[in-house]
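S.K.: All residue numbers for the sequence shown refer to the numbering used here, where the first residue is 3 and numbers rise by one. All C-beta atoms, glycine included, are put in the ideal place defined by N, C-alpha and C. Just so we're clear, the structure is a prediction, and the values are computed from it rather than from any experiment. Questions regarding the structure given below will be posed in turn.
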Amino acid sequence: MTDLGAPASLSQDEARDRAALIAVDRYDIRVDLRELVDGDRWLATSSIAFTCRKPGAATFVDCVGEVLSATLNDVELDLSTVADGRIPLSGLAAENLLVVSSVQTDTASGDAILRSVDPQDKLVYVWSTFEPDGARRAWACFDQPDLKAVHGFQVSAPQEWTVLSNTGPETVLDRDDGGRLWIFEDTPRLSTYVVVVNAGPFHELREERGGHSLGLYCRQSLKAYLERDAEELFTLTEQGLAFFGERFDMPFPQARYDQVFVPDFGGAMENWGCVTWTDSVLHRSPPTYGQRAYRGLVLLHEMAHMWFGDLVTMRWWDDLWLNEAFASFASSWASASATEYTDAWAAFLAEGQTLAYQQDMGPASHPIRTAVPDVGHAFASFDAITYFKGQAALAQLMAYVSEETFVEGLRSYFRDHAFGNAELGDLMTAIGEAADQDLAGWTTSWLDQAGTDTISLVGTTLLASSPDGGEPRPHALRVGYYDRTEAGLERRGELHVQTAGTTTYLTDLPVADLYLLNDGDLTFASVRTEESSLQVLLAEAPRLPEAVNRAVAVGTAWDMLAKGELSTGDFLDCVLAVLATEQSPGVVEPFFALALRAAEQWSPAVLIPRRLARLAEVAAARADEPDHRTAALHTLAWAASQAEHFALLDAAAEDDVDLAWRVMMRRASLGRYDEAAVTELLARDPDPDAYLRAWGVSAARPVEEAKAEAWDRFWHERSVPAGAPTPAFARCFWRPVQHDLLVPWAHRYLDEVTDVSGGGLLALGGMVRHMRPTTCDEAWLDRARELADSEDVQPVVRTELKIGVDTLSRVLRARS
Ligand SMILES: [Zn+2]
């Protein structure tokens, strides 16, 4: 037996060499979960059949855990050579069989494997998630995306557990020594990071829809919430599979498609045929439109990965951005085209794209595509640029070549590369051939340059500029022209423009009251229409006929606020006017969120109460409209200070436990903490995770002891689960209005953020991101800048620090 040292991070060069040397035929993996009922041991035996192109050569297999035994072609390997999570292999034959037995006891931190115990009924559940290199923690494998292989799983589990993997179980047998043996059908050729084993006494729902067998699973204590939402989830799944199957000209090739909702999980993971989700999306009170729409996007995002990611996989992690940007793009596309959430693109502009613009204007900006020298850097630039600007660039590409051509290119890409690996160049070649255009210039200017272009209308000339003063990107966009009428701003027409270089003359632009640049939001750019149009845009944004264009107006105002061209008060005038009448639910929630940020974070302390009161008025006025009621009440619960608003909230919260928690949090943040009421609500709330709400209420209190207790729970005890609970808890802690109390904690964040480790890269990134301070002083900015420039911070921490510095320096300027 050998205890392994710190695992090495596979470099791109090592991966390239190994892929040149070997090819993997199949993995036969036996996993034994039976000791996880009471203990921490995950046992596995991985039998790997692989070929070697240069017999006699040497390489290594990845295995992070305790290696119990290993044989290569029936010869015992010397386990004293095992180091850094690698087992050296020498004297390879043309055809090889490697058999490694290992045990993983790190099953409590969420790094690739998590054993969790439901706080209510004490039932045990186990999940795995491997992106980018977690599979090596579960069993021995060649853990890199371009060594794809068939996986055959045999899993032993306690009698009462259900085991879920990428394919359906072929047989389930009783074992003589206790428990059951689940033997799964072979997978197609898959990368090591998209296979999965989840297990536990799950609640199961299964339906046949559109030729597929769809499964939904959750822990027993949440089954009421899954059952409430199952019809919607089944419908979205069916709609998505039909949409992508048609658009990609390739139906999902497996009948079974499962979605498993598990505790303490960050986000969702696109395991082939068996997507794993955080069960915080099974909302404990009826979800809002925004929560349902977002969950639909996640569902479609993971589903798009079945094609783009799982069937055709990036060769190396330097295309991870493309993997994610494509899936996010595809989710908005499918959502708007094939589901009830038809305002998905407007919602994207109001939410994700706004975050991308903001990051892209500061020092945390980077080109969409970046080098990834080793796996440790795979998630380093995983941020709003990767996901959302990347998504916007792909949407712009579709506008640039037309949807029809884009689809034609995608179809040949999937046809040519299914079950294999590909790179960005392969995708651009496929789309370029369909468009009969060379896209090399487009690719370089959109993907290798940081920052956002600005497009301004001066007279009848469009002027484009790039942030570094170089050649701006080509943009395909529309300029809409509108007249003011009694009924609102009336669209008279639009020009379709393709810019090239800095100057584009709009010779056909008729006289109009408003020229709307980037009408329909086709491109990613900071737009400034000419002065008289700008006044109309800001003052009459609610009168624009389409939600996406009202979002262009509010987005422009936010861009101007962030750049110091518009005051917070003027921004609030614009967004609150839109919010007073906005009907599209996909933008109402993100606009309420922007207005709240402007009022409580971007305003000087003396103006915060007055501005929150204005927001509260608008929210209260919309609380009677069924489509907007929940979003309005949630906003009111962040902003309320007057008795009449609390009365409205208390009445609404009588039969709404979620709202009751929100109102209690607001009162606590104002210094009105009521411990007896917390205890009473905790007893009334059927949610097994309700204790987290009580922690949030406590964390919101404007007292030092409350912040200290919350800090310990979050940073030291690590007892706030990953996924939605993390940002929810952080938001309770960081109440911007408690500025004086919180500044020392902002400094404390800098003291401790460099030491945080463990629990997996995604969870770590989530902690660092969501716990980033929302207020600070000038000294904090200096310290954070210095820390971000120092050598010894992890890449993910550096990015978050840079975003924090940029955002908070703009906030401080707006407050002054
Ligand atoms: Zn993804």
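1. Could you give the uninterrupted runs of the alpha helix (DSSP H) lying entirely in the segment 575–626, keeping only those of 4 residues or more?
2. Using the Cβ count rule (16 or more neighbours within 10 Å means buried), how would you classify R674?
3. Who does E209 pair with in a DSSP beta bridge?
4. Answer yes or no: the CB of N98 versus the heavy atoms of ligand 1, is any distance below 8 Å?
5. Can you list, in chain order, every residue whose CB sits closer than 5 Å to a heavy atom of ligand 1?
6. State buried or exposed for T487, treating a residue as buried only when at least 16 other CB atoms are found within 10 Å of its CB.
7. From what residue to what residue does the alpha helix (DSSP H) around N200 run?
8. Taking 6 Å as the limit between beta carbons, can you name the residues of its chain near A401, skipping five residues before and five after?
9. Going straight from the alpha carbon of A8 to that of R294, what length do you get?
10. Just how far apart, CA to CA, sit L125 and Q603?
11. Classify P171 as helix, strand or coil using the three-state DSSP reduction.
12. Under 6 Å Cβ to Cβ from L744, same chain only, skipping five residues before and after it: list those, please.
13. What three-state label does DSSP hand A466 in the structure shown?
14. Three-state secondary structure (DSSP) at W10?
15. Three Cβ pairs or more, each shorter than 8 Å: is that satisfied between the segment 89–105 and the segment 36–51?
16. Here's a check: name, in chain order, each residue in its chain whose Cβ is nearer than 6 Å to the Cβ of M305, leaving out the five neighbours to either side.
17. Quick test of the definition: if touching needs 3 or more C-beta pairs under 8 Å, does the segment 108–128 touch the segment 202–209?
18. State the beta-bridge partners of E68 as determined by DSSP.
19. Within 10 Å of its beta-carbon, does E326 have 16 or more other beta-carbons around it, so buried, or fewer, so exposed?
20. Roughly how far, in whole angstroms, is the beta-carbon of F350 from the beta-carbon of S334, given that I think they are within contact range, below 8 Å?
21. Would F820 pass as a contact of L429 if the rule is Cβ separation under 9 Å?
22. Using 10 angstroms around the beta-carbon of Q500, count the other beta-carbons present and answer buried if the total reaches 16, otherwise exposed.
23. State the Cα-Cα distance for the pair L6 and E548, rounded to the nearest angstrom.
24. Taking 8 Å as the cut-off, does the segment 540–557 touch the segment 463–479 (at least 3 CB pairs, one atom from each stretch)?
25. Specify whether the segment 191–199 and the segment 261–278 touch according to this definition: at least 3 beta carbon pairs, one from each stretch, less than 8 Å apart.
26. If C576 sits next to V556, beta carbons under 8 Å apart, how far is it from one beta carbon to the other, in whole angstroms?
27. Taking the DSSP output, what are the residues bridged to H477?
28. Beta carbon of P544, beta carbon of A452: below 9 Å?
29. Helix, strand or coil for M271 per DSSP?
30. Could you check the C-alpha separation between E802 and P704 for me, to the nearest Å?
31. Measure the C-alpha to C-alpha separation of R800 and I387 and round it to an integer number of angstroms.
32. Pick out whichever of P365, L94, V33, E78 has its Cα sitting closest to the Cα of R55.
33. Going along the chain, which residues of its own chain have a beta-carbon closer than 6 Å to the beta-carbon of P587, five neighbours each way excluded?
34. List the DSSP bridge partners of E492.
35. I believe P73 touches L79 by the beta-carbon criterion, under 8 Å. Please report the beta-carbon distance rounded to the nearest angstrom.
36. Using the beta-carbon count (16 or more within 10 Å), is K565 buried or exposed?
M.R.: Inspection of the coordinates gives the following:
1. 587–602, 610–623
2. exposed
3. L216
4. no
5. Chain-ordered, the residues whose CB falls short of 5 Å from any heavy atom of ligand 1 come out as E326, A329.
6. exposed
7. From DSSP, N200 is part of no alpha helix (DSSP H) but of the beta strand (DSSP E) over 199–202.
8. A478, L524
9. 41 Å
10. 42 Å
11. In the structure shown, P171 falls within a strand segment according to DSSP collapsed to helix, strand and coil.
12. If you ignore the 5 residues before and after L744, its C-beta comes within less than 6 Å of the C-beta of T777, all in its own chain and listed in chain order.
13. Strand.
14. The amino acid occupying residue 10 in the given sequence is Ala; Trp does not appear at that position. Coil at A10, not helix or strand.
15. yes
16. G242
17. The segment 108–128 vs the segment 202–209: in contact.
18. When DSSP reads this structure, E68 sits in a beta bridge with V105.
19. For E326, the number of other beta carbons within 10 angstroms of its own is at least 16, and it is reported as buried.
20. F350 to S334, Cβ: 5 Å. Contact.
21. Outside the shown range of the chain, which is 3 to 818, sits residue 820, and nothing can be said about it.
22. exposed
23. Only weak support is given to the placement of L6: the predicted model assigns it a pLDDT of 42, under 50, and the question is left unresolved by the model.
24. no
25. Yes, since at least three Cβ pairs between the segment 191–199 and the segment 261–278 fall closer than 8 Å, the two stretches touch.
26. Right, their Cβ atoms sit about 6 Å apart.
27. T501
28. no
29. strand
30. 26 Å
31. Cα-Cα distance, rounded: 15 Å.
32. L94
33. Y291, D629
34. Answer by DSSP bridge pairing, in chain order: D485.
35. With the sequence shown as reference, residue 73 is identified as Thr, and Pro is not the correct amino acid for it. At roughly 7 Å, the Cβ-Cβ gap stays under 8 Å, so T73 and L79 are in contact.
36. Counting Cβ neighbours within 10 Å, K565 comes out exposed, since fewer than 16 surround it.
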